[in-house]
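Protein chains in written order, with the numbering used here: chain A, 1 to 140; chain B, 1 to 140.
Just so you know, even glycine gets a beta-carbon here, dropped at the ideal spot from N, CA and C.
Number of protein chains: 2
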Amino acid sequence: MGPVADTGQMTEAAGVVLDPAIAARLKRNADGLVPAVVQQHDTGRVLMLGWMDDEALRRTLTTRRGTYWSRSRQEYWAKGETSGHVQRVVEVRLDCDGDTILVAVDQTGPACHTGADTCFDADVLLTKDPSADPAGGVDG
Amino acid sequence: MGPVADTGQMTEAAGVVLDPAIAARLKRNADGLVPAVVQQHDTGRVLMLGWMDDEALRRTLTTRRGTYWSRSRQEYWAKGETSGHVQRVVEVRLDCDGDTILVAVDQTGPACHTGADTCFDADVLLTKDPSADPAGGVDG
């Protein structure tokens, strides 16, 4: 095995495995996966939730394309590979206990495979309670 | 067993189980849980990721307090119960394949148990690539 790059500026060629300093902070589920919340960087809209293993995170960090592990197809999935609806990665953060990733992206086209802007557009379970805010209409 | 309320206006007394029409759309993991992305409703900041079973979702919908299942403590956890850092629930959405919940809240105080505003404040894995945006400085 060759040496492992551990700088923040890994190239894809250098980054053959995920930076061990990052890998050590990840808390994976029984399948080796961590949920990744994907958010449009400028509007703050939550687009989707994907799942990453170490390799998907490595690819996301090194290629700056949102890349996930497809649990249904059991394969890596670079968002937009077939649809063209790619995600340019602006920022990646890890949460306080290392078991959730937050990915800020610039999404090209709709994020959802249904053609909706986000995966959360269609099914509203609860809306704002008007009685909680007598002034009304100020919530985003 | 008594009748089950199935309106959107369930009171806590009436909502003894989660609305079956919602329960039928949920896709739970092997532990019966669904990840819940929690977002500040007006700024769009992602605050944390919690986990809900049917009962946590029922409590969240009926009490309008963000309520989760603590995997470490194996108990329900109404955010802010002890800290006072409660979440007033503004909106709840389900994603296109029923396996992720998005909760828009009005967060009182810091969302993270570390005292940080969000659980994603401390650990940045990748920041914006300045070369990708020659104009610079426009990303949120």
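Item	Value
Candidates A/33, A/124, A/49 and A/106: which alpha carbon is nearest residue 56 of chain A's?	A/33
Is residue 1 of chain B close to chain A, meaning its C-beta is less than 8 Å from at least one C-beta of that chain?	The predicted position of residue 1 of chain B is uncertain, since its pLDDT is 35 and thus under 50; a value taken from the coordinates is nonetheless stated next. Taking Cβ atoms only, chain A never reaches closer than 8 Å to residue 1 of chain B, which makes this a no.
Are any of the Cβ atoms in chain A nearer than 8 Å to that of residue 78 of chain B?	no
Which chain B residues are close to residue 94 of chain A, counting only those with a beta carbon under 9 Å from its beta carbon?	120, 122, 123, 124 and 125
Between residue 122 of chain A and residue 73 of chain A, what straight-line distance do the alpha-carbon atoms span, to the nearest angstrom?	24 Å
Can you give me the C-alpha to C-alpha distance between residue 39 of chain A and residue 98 of chain A, rounded to a whole angstrom?	18 Å
Ignoring anything shorter than 4 residues or poking outside the stretch 29-97 of chain A, list the alpha helix (DSSP H) runs there in chain order.	54-63
Would you mind working out which of A/126, A/63 and A/117 sits nearest residue 129 of chain B, comparing C-alpha positions?	A/63
When you compare the stretch 105-124 of chain B with the stretch 71-89 of chain A, are there three or more beta-carbon pairs, one atom per stretch, that lie closer than 8 Å?	no
In chain A, which residues lie less than 7 Å from residue 105 of chain B when you measure between Cβ atoms?	Under the 7 Å cutoff, chain A gives no residues; its nearest Cβ is about 11 Å from residue 105 of chain B.
Can you name the residues of chain A whose CB is closer than 9 Å to the CB of residue 44 of chain B?	39, 40, 43, 44, 45, 46 and 140
Given this structure, state the Cα-to-Cα distance separating residue 93 of chain B from residue 60 of chain B, to the nearest angstrom.	12 Å
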